[in-house]
Every structure is written in structure tokens, then in C-alpha cells.
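The listed protein sequences derive, respectively, from chains E and L.
Residue 1101 in the working numbering is what sits at position 43 of the first sequence, and the numbering runs on without skipping anything.
Residue 245 in the working numbering is what sits at position 8 of the second sequence, and the numbering runs on without skipping anything.
We put the CB at the ideal spot given by N, CA and C, even for glycine.
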Amino acid sequence: MNGNKFSNQFRTCEATGLKVHLPAQKLFWVNAVSAVVFLLVGAIMAIMVALTRGFPSAHIITDSMFYQFLTAHGTNMLVFWIVFFEMAGLIFGATAILGSRFPAIKLAWFNWIIMIIGAIMVNYSIFWEGTDVMFTAYPPLAAKSPFFYLGIVLFAVGALIYCFQFLIALVIAKKEGWHEGSLPLFTFALVTAAIIAIFTLLMGAITFVPALLFSLKDWGLDLGINIDPAVFRLTFWGFGHSAQQINLAAMVGIWYLLGTLTVGAQPVNEKLSRWAFFLYIIAINLGSIHHLLVDPALKSTYKIFNTTYLMYAAVIGSLIHAVSIPAAIEVAQRKKGYTKGLFQWLRKAPWSDPGFSGLAISLVMFGFIGGVTGVVMSVEQLNILHHNNLRVPGHFHATVVAGTSLAFMVVAYKLIPLALQRKIVSEKMAKIQPYVFGIGILMVIVGMTFAGIMGVPRRSWDINSLGANIFSSGAYSMLVLVGIGGVVAFIGLLMFIVNAVLSVFFGKKIPSKIEIHNPPYETASAKAVTAES
Amino acid sequence: MSNHDEKEIKTPGTFVLAIIFLVWFIVIYFVQWLALSDVWNLN
């Protein structure tokens, strides 16, 4: 076999034997580094917000700064950090996992550039122009200039093209003979994430393009467009909550991957796990309506039907994963001889491996806190207990931070050596980081949840300004817990950022062979297709 | 598909964890309705 024109673009990872497409590796690098940069921006905003909420009388930042910082915290954490990391994940899942190539490399670089320009534009609008519409940006709140909306649209367009490129990469892997048979479960999870992402980003376009056109008035261009706040709210959550479902699919895929990388776990019933991902695709975005359960513009039948009967299909998917991942770990551990009693397999698990400890903390906090509170909040009558108080951020810090962000952080410890050929600079710091971050974020979640139960509103710079003696001393104690937990979580986050950045730039280089890699399942017709392309 | 032989799939520990999760969910769900009944009296 003479190979095709891409055959000399691969290296072989000495530890895993994976074939890594070198142009894709550069794309992975740039997306992962971008993710960590925006994580740092979001983290600095997070600590300022947590200290302001935790110690309201101290007024650590001014009221106008608080809402700007909250806007920056939401957009940098929920959108830029997570989506850039997911783009890196899509590139890795379509190439290194399948031993395949990534198509249209120049287009992929173009996507990254417009995503970066978009993210910088949004941050410019927040920090320099003073945009403080927060993550939801509900009208009649308006950004200070069109840059905010234009930035989000550019970012979404770049990410959308990446998703299509990922799907095309899978077709190419099959067509050119790089991969044969079913997709590995991790890549299958990424397909789920990409499909949800396409829906999400289109909803983002439907929401933010009219807002952008409306905002052009600020630049003297009145197109006669008006924004209906009720429609904006509805379409926004098609974007805002669905974006978190991309995280969910990617995170669960990472849980399976971490189970395999740390204890050699294999899914006990892979077909069932795939069905669980399929349930996400068909049902999970309907759960977005739970954000609008107190919205008078929507009928109760519509809200209840979406957030209970239909959304429960996706909840069943999550329950399947929640059982099948520990089961896979238990089977793998018992095979190694840890068969004593009910839990020897768990006690003897590699708790000093950040990949395993991070997986366990992420899974437990996501399921026991985030998942349970999410289902409870989606019941229309019960939702009124949560609406607009601190229980809501308590819920989503359990899902998006303790769940998704922690899973992304610990998988980075595995991917930096594997995909970027660099050793982790401090293994010791990596070992304790998931625990430090986990304890900190648990304090934040518990503080927020109980403060919310005691009636403390979310998104409030100073609850004392609402009037004297409204809140009990218990509520203030819970806010202090948020502040202290925020400091601990921030330290945990910095431990990750410092370790990851130093490893990527200065970590010891792991040798890797550059060698010809021909498509192992190449057929005569596939050869002809490759030659034509 | 899975590489496991069906005979080797024994997961009693996971079963106990799943039961703990179920009990936790029931308790949280029940407590929410109790809290709602406290603030929303119907007669």
C-alpha cells in the first residue's frame, strides 16, 4: 500500500498507540488553550462575585461593577470556556480516537479566529463599554453597543461550522477507511453533543441576530426592528439551557472515557448507553422550558407537558448513565480481585489518580445535587419555591461547575500528555486539585441552596438594600459559606490553571514517532475518493 | 458492544448505591412538597 496524501501527517502515541493527526493536534492545542484563558477570566470574576455575595456589607466591588462582573462570569464560564473546550473535544474525538484526519484545516482555523474575535468583542463590550445585561440579556435590558450581540453571533457561527466539520470528519473516517464499524462510545457521545449543539447554536442565531439588528440603532442604523421580550425569553432558553445539554452529553462521554483510562472500565451494556444518549437528543432540549415556568406568556399545559412528561425521557437517559458508569467500574475492579464485600472495589479504586477522583466527585455532585434539584425545579408548582432565589445558582453550580467543569479539568490531565505530548508538571498538585475544588464548590452550592431556601434573591449586589431585618442570621451565615467556599474553589481552579498552562508550555516533551499511517480499512473505491480529494 | 461475559457482570455495590440515590431523591422530592404546603395553604 502506497498510502494517501494524508498518510505522512500522523504521529503514534507511544503510551496508547493512538494515531494523532498533526494538523488536528495544533487545532486541539489552540482551542484548549483558549478555553483555559477564558476560564481564568471567568474565575477572577467568580471570586469577586462570591466575595461580594458572601460579605454583602463589605461592598468589595461597586454595584455597577457587580452586574458587569456577573455578566462576564456567566458568558466566559458558560459559553467561552466550555464551548472552546468542547471544540477541542470534537477534534480529539473525530481524529485521535478514530485514527483519522480532520478535514478542511484552513476552515477550522478560520472558525477558531472568528470565535476568538467574538469572545473578545463580548468581553470588550462588558469591561470597556459597561454592558451589564447578564448571561440572559433579557430585553428591555440592552447591551451598551452592538458589539455584545455581534460577538455572540460570531462565536456561535464559528462553533456551528466546527460541529458540521466534526460530522463530516466522521463520514470521511468511514469513507476513506480510517475507521470501520460502530463509533466508540466516547465519539458517539460527542455526536450527541454536536447534534444538540447545532440546535442550540441555531436557536442562538434566532435570538441574537434580531437583537443585534435592533441594537444597530446605537450606530445610527434604525432598521425598524422591535424585540418581543416574551419571544426573546423563549428562544433564548432554546440556546441558554440547550448549551448546558451539550455539556451534559460531552461530560457523560468524558465520564465513560475516564472510567476506561483510570480502571479499564468497559460499559456493561454499550447498546443501552447509546440508547441513553439517543434519549438526550430527542428529549433534553424540551427541559429548557423549565426556565419559563412562571412566565405568564405561556400556557400551563405547554409548560407542564414539556418539563415533565417529555423531559423525563432525558432524565431516564441520565439515570441509565448514572448506574452504568459505576457498574462498569465495579465490574473492572472486581475482575482485578477486589471482590470482598459490597464496596472493596470502591475503597481500592485509584483515589490518588485525579482522573478517578475527579470522575467520582463530578458524578456524585452532579447526580445527587444537580440532577435531583433539576428534576424538582422542573415541577411547575415546586418551581415557585426556587424562582429567582439563590437555589437556582445552587443547582447549576452543581451541574455545570462541579459536574461539567470538574470533568473537563480532570480529563485535561489525561489529554495533555496524550494529545499534546507534554508531561504534567506537578502530578502532586493534580492529585489534590479535584478534592480542593470539590470541597470549595460544595460549600458554594450548599451555601447558595440554603440561603435560597431562606429567601435570599439571586443577582443581588447587596441584600441589605432590600430593607432591614428581612433575612435571618442563618441566611447571612449561608452567604458567608458561599464566600469562603468561593475562595477554596478559586484556589482549586488556580491549581488547575497553573498546572495545565505550565504543562502545555513547559512540560517535559513526550517522544512520539512520526510515521506513515495508512487508512487500515481502505478499499479500492476509498482510494479513488481520497485521490480525487 | 460490551466485551463482558454476562456471567461476570456482578454489581451488588452499584445496586446499593442506586438504592441510596433513589431514597435520597424520594426524600428531597417529598420535602419540597412539604415546604410548598407550608407557604401555599389550600382549603
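Proximity of A1301/E and V1137/E at Cβ, strictly below 8 Å: Numbered from its first residue, the first sequence carries residue 1301/E at position 243. Numbered from its first residue, the first sequence carries residue 1137/E at position 79. Taking 8 Å as the cut-off, the Cβ atoms of A1301/E and V1137/E count as close.
Contact set for K247/L: own chain, Cβ-Cβ below 8 Å, skip 5 residues either direction: Residue 247/L sits at position 10 when you count from the first residue of the second sequence. So the list is empty, once near-sequence residues are dropped.
Touching by the beta-carbon criterion (3+ pairs, under 8 Å), the segment 1489-1502 of chain E and the segment 1088-1097 of chain E: The segment 1489-1502 of chain E vs the segment 1088-1097 of chain E: no contact.
Chain L contact for E1004/E (CB, 8 Å cutoff): Lying outside 1059 to 1591, the shown extent of chain E, residue 1004/E is not represented and no answer is given.
Span separating the alpha-carbon of A1558/E from that of A1477/E: In the first sequence, the residue the question calls residue 1558/E occupies position 500. In the first sequence, the residue the question calls residue 1477/E occupies position 419. Between A1558/E and A1477/E, the C-alpha separation is close to 13 Å.
Segment contact flag, the segment 1340-1348 of chain E with the segment 1403-1412 of chain E, C-beta cutoff 8 Å, min 3 pairs: Cβ pair count under 8 Å is below three, so no.
Nearest candidate by alpha-carbon position, reference E1573/E, set R1069/E, F1064/E and N1062/E: Walking along the first sequence from the start, residue 1573/E turns up at place 515. Of the listed residues, the one whose Cα sits closest to E1573/E is R1069/E.
Beta carbon proximity, L1443/E to chain L, threshold 8 Å: Indexing the first sequence from 1 puts residue 1443/E at position 385. Closer than 8 Å: yes.
Cβ neighbour criterion (16 or more within 10 Å) applied to M238/L: Translated into the one-based positions of the second sequence, residue 238/L becomes position 1. Note that M238/L scores a pLDDT of 45, beneath 50, so its modelled location is shaky and nothing firm can be said.
Assumed close pair W1236/E, L1148/E - CB separation to whole angstroms, cut-off 8 Å: Walking along the first sequence from the start, residue 1236/E turns up at place 178. Walking along the first sequence from the start, residue 1148/E turns up at place 90. Not confirmed; about 16 Å, so no contact.
Beta-bridge partners of T1599/E, as assigned by DSSP: In the structure as shown, chain E begins at 1059 and stops at 1591. Residue 1599/E is therefore absent and cannot be evaluated.
Sequence-distant residues of the same chain with beta carbon closer than 6 Å to F1294/E, five excluded per side: Against the first sequence, residue 1294/E aligns to sequence position 236. The residues are T1265.
Close beta carbons around V1389/E, own chain, < 8 Å, minus the five adjacent residues each side: Taking the first sequence and counting its residues from 1, one reaches residue 1389/E at position 331. Closer than 8 Å at Cβ, skipping near neighbours: A1323, Q1324 and V1326.
CA-to-CA distance, H1453/E to R1291/E, given in whole angstroms: Position 233 of the first sequence holds residue 1291/E. Position 395 of the first sequence holds residue 1453/E. C-alpha of R1291/E to C-alpha of H1453/E: approximately 20 Å in a straight line.
Uninterrupted alpha helix (DSSP H) stretches inside the segment 1419-1493 of chain E (no shorter than 4 residues): Here the runs fully enclosed are 1430-1435, 1438-1444, 1449-1454 and 1464-1478.
For P1515/E, the residue or residues it bridges with in DSSP: For this step, residue 1515/E is matched to residue 457 along the first sequence. Answer is N1447/E, bridged to P1515/E.
Within chain A, the residues that R1392/E reaches when beta carbons sit closer than 7 Å: No chain A is present in this structure, whose protein chains are E and L.
Length of the line joining the Cα atoms of I1230/E and P1161/E: The residue labelled residue 1230/E in the question sits at position 172 within the first sequence. The residue labelled residue 1161/E in the question sits at position 103 within the first sequence. Between the alpha carbons of I1230/E and P1161/E lies a distance of about 8 Å.
Where the segment 1545-1571 of chain E meets chain L: residues whose CB sits under 8 Å from a CB there: Within the segment 1545-1571 of chain E, no residue places its CB atom closer than 8 Å to a CB of chain L.
When I1174/E, T1194/E and A1201/E are compared against I1184/E, the one with the closest alpha-carbon: Walking along the first sequence from the start, residue 1184/E turns up at place 126. The option with the nearest alpha carbon to I1184/E is A1201/E.
Close Cβ partners of N1305/E (< 6 Å) along its chain, the five nearest in sequence each way excluded: Position 247 of the first sequence, counted from the start, is the residue given in the question as residue 1305/E. These residues qualify, in order along the chain: I1140 and T1462.
Spatial neighbours of V1352/E in its chain, beta-carbon cut-off 8 Å, leaving aside the 5 residues before and after: Along the first sequence, one-based indexing puts residue 1352/E at 294. Counting only Cβ-Cβ distances below 8 Å, and skipping sequence neighbours, we find N1441, I1442 and H1445.
CB contact check: A1385/E to chain L, cutoff 8 Å: For this step, residue 1385/E is matched to residue 327 along the first sequence. Chain L contact via Cβ: present.
Any alpha helix (DSSP H) of 4 or more consecutive residues that is wholly inside the segment 1100-1157 of chain E: Within the segment 1100-1157 of chain E, the complete alpha helix (DSSP H) runs of at least 4 residues are 1121-1133 and 1140-1152.
Same chain, Cβ closer than 6 Å to F1297/E, neighbours up to 5 away in sequence not counted: Counted from its first residue, the first sequence places residue 1297/E at position 239. Result list for F1297/E: T1258, M1261, G1262 and T1265, in chain order.
Contacts that F1426/E makes with chain L (C-beta to C-beta distance below 8 Å): For the purposes of this step, residue 1426/E is taken as the residue at position 368 of the first sequence. Listed along chain L are F258 and W261, each with a C-beta nearer than 8 Å to that of F1426/E.
F1401/E: contacting residues in chain L (beta-carbon distance under 7 Å): Taking the first residue of the first sequence as 1, we reach residue 1401/E at position 343. Correct list: G250.
Chain L contact for S1420/E (CB, 8 Å cutoff): Residue 1420/E sits at position 362 when you count from the first residue of the first sequence. Cβ-Cβ to chain L under 8 Å: no for S1420/E.
Separation of V1310/E from I1383/E, as counted between CA atoms: Locating residue 1383/E in the first sequence gives position 325, counting from the first residue. Locating residue 1310/E in the first sequence gives position 252, counting from the first residue. Taking the straight line from one Cα to the other gives about 9 Å.
Cβ-based contacts, 7 Å cut-off: residues of the segment 1434-1463 of chain E near chain L: Close to chain L, meaning a Cβ-Cβ distance shorter than 7 Å, are the following residues of the segment 1434-1463 of chain E: V1434, Q1439, L1440 and L1443.
Alpha-carbon spacing of V268/L relative to C1221/E, whole angstroms: As a first step, residue 268/L must be located in the second sequence, where it is residue number 31. As a first step, residue 1221/E must be located in the first sequence, where it is residue number 163. Spanning the two alpha carbons is a distance of roughly 42 Å.
Beta-carbon neighbours of L271/L, restricted to chain E and to distances below 9 Å: Reading the second sequence from its first residue, position 34 is the one you call residue 271/L. At a C-beta separation below 9 Å, L271/L has no neighbours in chain E, since its nearest C-beta there lies roughly 11 Å away.
Buried/exposed call for N195/L, threshold 16 Cβ in 10 Å: This structure does not reach residue 195/L, given that chain L is present from 238 up to 280, and the question cannot be answered.
Residue range of the alpha helix (DSSP H) that includes H1299/E: Sequence index remark: in the first sequence, residue 1299/E carries index 241 (1-based). H1299/E -> alpha helix (DSSP H) spans P1287 to V1321.
Own chain residues within Cβ distance below 7 Å of V1433/E, not counting five before or after: As a position in the first sequence, residue 1433/E is number 375, starting the count at 1. If we look at V1433/E and ignore the five residues flanking it on each side, its Cβ neighbours are V1373.
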